[in-house]
Structure formats: C-alpha cells, structure tokens
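Numbering (our numbering), first residue to last: 19 to 265.
Backbone N, C-alpha and C fix where the C-beta goes; we use that ideal spot for every residue, glycine too.
A quick note: this is a predicted structure, and the numbers were derived from the prediction, not measured.
Below you'll find the structure, written out as structure tokens, and then a few comments.
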C-alpha cells in the first residue's frame, strides 16, 4: 500500500493500544510516522516493530503536554501532514467524591491541553502547505456521559468540541478536523480495570463484543486518507451500537 506515501503522520500515545495500531497501519500504508508516547520503552518497541517490516518511524518520548518538545519533533521531520490526538490516561471509575484536584488536572492536562498543544505544534506547517488532517480520539462516554469518572467523560467531550470548532477555524487553510468516539476497545488501558469489567462493558453494545485496536485504527486511516476528503467537523462512532445517537 502507498496511500500515504510522502505523508508524515504524528500519533500521540502511540506506545500501546489504538495509538500503536494506528502508527503501524500508517507506516504500512506508506507514511513516515512520529511515534509519540511518554514511555521511552513503548516508543522504542513501536518504532522497532514498524522498522522490522520496512516502515519509517521516529520516536518522540515525552509528555504530550510538553508543547516545546512537540514543536521540535515537528520541525525535525519537516512538518506533519496528519495528526492523531490519541494520548490519554484512564479515569479509574472514580465517583465525584473521589476526584481530587490532582486527578482532575492530570486528565485535563493530557486529554485536553495535550490535544491543544499537539495541534498548535503542527498547525503552522499545515497552514503553510494548505493541507492537513487532524483526528481527535474521544470516547462514547464523551457523548452520553458515565455514572463514574465524570472527569474523563468531560475531558473527552472537550476534544469533541475542539474538533467541531477547529473544523470551522481551519477549513480556509485546507485542514480537515474530525473526532472519533470508540466504544469499548481491548487495550492496555481498558485491561487495567480487569477482564471481567471489559467483558461486562462489551455486553452493553449491540454486537456483544469489544473492538480490537486495529479496527479503530482502520477508521482513522479512512478519515485521514483520500476517501475522507469531504468530511470535516464530524464525530465518527465505531462503538458497536453503544450508544446509538442521532439528530
């Protein structure tokens, strides 16, 4: 495949889960990939996996909240054509009484500020080219809320709002922005809650299973590829029918 030949894609939180799968698929489709994650070992593992099969990747091991480091990575690769704002941390099913300021600030620093910082890092180059694709990874919980981890749901709702607003703001520059709200996905983050919790959540959707990270990554490549060129400001929902929402 060479659908993304001559494109540079930055994927945040690419050391595991959806981010890792997305980085691998972009590389397999011809893109040069910036693998960003706070964990150096996970970055090295993803980069090595891409290179083993002939792909191009560079590592970027730092927090997604570090805007200066993000800008340096973008400059060192000569600009970014595609940004996937995927980095995130779990909410650990906290009820409101258990959400302290540190937990709240950590979630919003990574999900919300990290999304803003990464987007600002790539934006000058995209504007100069008159081309760009940005996808913010949200969650079904950002659509309809959740009885636990309200700070997580609120942070994911914020990145949906970013996508809709940025689609309007960036359209004159040839930059398309969308959000993607997966349902339950089997990943390192969700498995922190245990296999039983994952199985239980899978029963809430209509197809009665969880998604694998590659399934979600496939949607990301579709949105950012040539066939996604008429879509911006939208929320794409590969969620197994949990929830079904409409106008």
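Item to check | Classification of residue 99 by the beta-carbon crowding that lies within 10 angstroms, buried from 16 upward | outcome: By 1-based counting over the chain shown, the position of residue 99 is 81. When all chains shown are included, residue 99 counts as buried.
Next on the checklist: Within a Cβ cutoff of 6 Å, which residues of the same chain sit near residue 91, ignoring the five residues on either side of it in sequence?
Outcome noted: Working through the chain shown from its first residue, we reach residue 91 at position 73. 52, 78, listed in sequence order.
Checklist entry - Hey, how far is the Cα of residue 57 from the Cα of residue 101? => result Here the question's residue 57 lines up with position 39 in the chain shown. Here the question's residue 101 lines up with position 83 in the chain shown. Rounded to the nearest angstrom, the gap between the Cα atoms of residue 57 and residue 101 is 19 Å.
Checklist entry - Would you say residue 144 and residue 193 are within 8 Å of each other, going by their C-beta atoms? => result Numbered from 1 along the chain shown, position 126 holds the residue referred to as residue 144. Numbered from 1 along the chain shown, position 175 holds the residue referred to as residue 193. By the CB criterion at 8 Å, residue 144 and residue 193 fall inside the cutoff.
Checklist entry - Under the three-state reduction of DSSP, which class applies to residue 158: helix, strand or coil? => result Counted from its first residue, the chain shown places residue 158 at position 140. Reduced to three states, the DSSP call for residue 158 is helix.
Next on the checklist: Spatial neighbours of residue 150 within its chain, please: C-beta separation below 6 Å, excluding the five flanking residues on both sides.
Outcome noted: Position 132 of the chain shown, counted from the start, is the residue given in the question as residue 150. Contacts found: 144, 193.
Checklist entry - Looking only at C-alpha atoms, which of 253, 122, 118 sits nearest to residue 196? => result Reading the chain shown from its first residue, position 178 is the one you call residue 196. Selected option, being the one with the closest Cα: 253.
Next on the checklist: Is it the case that the stretch 26-43 contacts the stretch 198-208, given that we only count it when at least three CB pairs across the two stretches are under 8 Å?
Outcome noted: These segments touch.
Item to check | Beta-carbon spacing of residue 130, residue 177 below 8 Å | outcome: Counted from its first residue, the chain shown places residue 130 at position 112. Counted from its first residue, the chain shown places residue 177 at position 159. Closer than 8 Å, so yes.
Item to check | Neighbourhood of residue 68 by C-beta, 7 Å cutoff - its chain only, sequence neighbours within 5 removed | outcome: Here the question's residue 68 lines up with position 50 in the chain shown. Counting only residues of its own chain and dropping the five nearest sequence neighbours on each side, residue 68 has a CB closer than 7 Å to the CB of 41, 42, 45, 51, 75.
Item to check | Local conformation of residue 166 per DSSP, three classes | outcome: Here residue 166 refers to the residue found at position 148 when the chain shown is read from its first residue. Reduced to three states, the DSSP call for residue 166 is coil.
Item to check | Beta-carbon gap between residue 71 and residue 54 smaller than 8 Å | outcome: The residue given as residue 71 occupies position 53 in the chain shown. The residue given as residue 54 occupies position 36 in the chain shown. No, they are not a contact pair.
Checklist entry - Going by C-alpha distance, which of 25, 247, 180, 126 is nearest residue 138? => result Taking the first residue of the chain shown as 1, we reach residue 138 at position 120. That would be 180, whose Cα lies nearest to the Cα of residue 138.
Checklist entry - Mapping DSSP to helix, strand and coil, what is residue 105? => result Reading the chain shown from its first residue, position 87 is the one you call residue 105. In the three-state scheme derived from DSSP, where H, G and I count as helix and E and B as strand, residue 105 is classed as coil.
Checklist entry - Taking buried to mean at least 16 other C-beta atoms within 10 Å of its own C-beta, is residue 167 buried or exposed? => result Position 149 of the chain shown, counted from the first residue, corresponds to residue 167. Classification of residue 167: buried, given that the 10 Å Cβ count is 16 or more.
Item to check | Residues near residue 87 by beta carbon distance below 6 Å, same chain, minus five either side | outcome: Here the question's residue 87 lines up with position 69 in the chain shown. Cβ contact annotation for residue 87 (same chain, cutoff 6 Å, sequence separation greater than five): 80, in chain order.
Next on the checklist: As a quick exercise: from 136, 105, 184, pick the residue whose alpha carbon is nearest that of residue 251.
Outcome noted: Mapped onto the chain shown, residue 251 falls at position 233. Nearest to residue 251 by C-alpha distance, out of 136, 105, 184, is 184.
Next on the checklist: Let me make sure I understand the geometry here. Which of 157, 171, 147, 65 has the alpha-carbon closest to that of residue 113?
Outcome noted: Numbered from its first residue, the chain shown carries residue 113 at position 95. Looking at the Cα atoms, 171 is the closest of the given residues.
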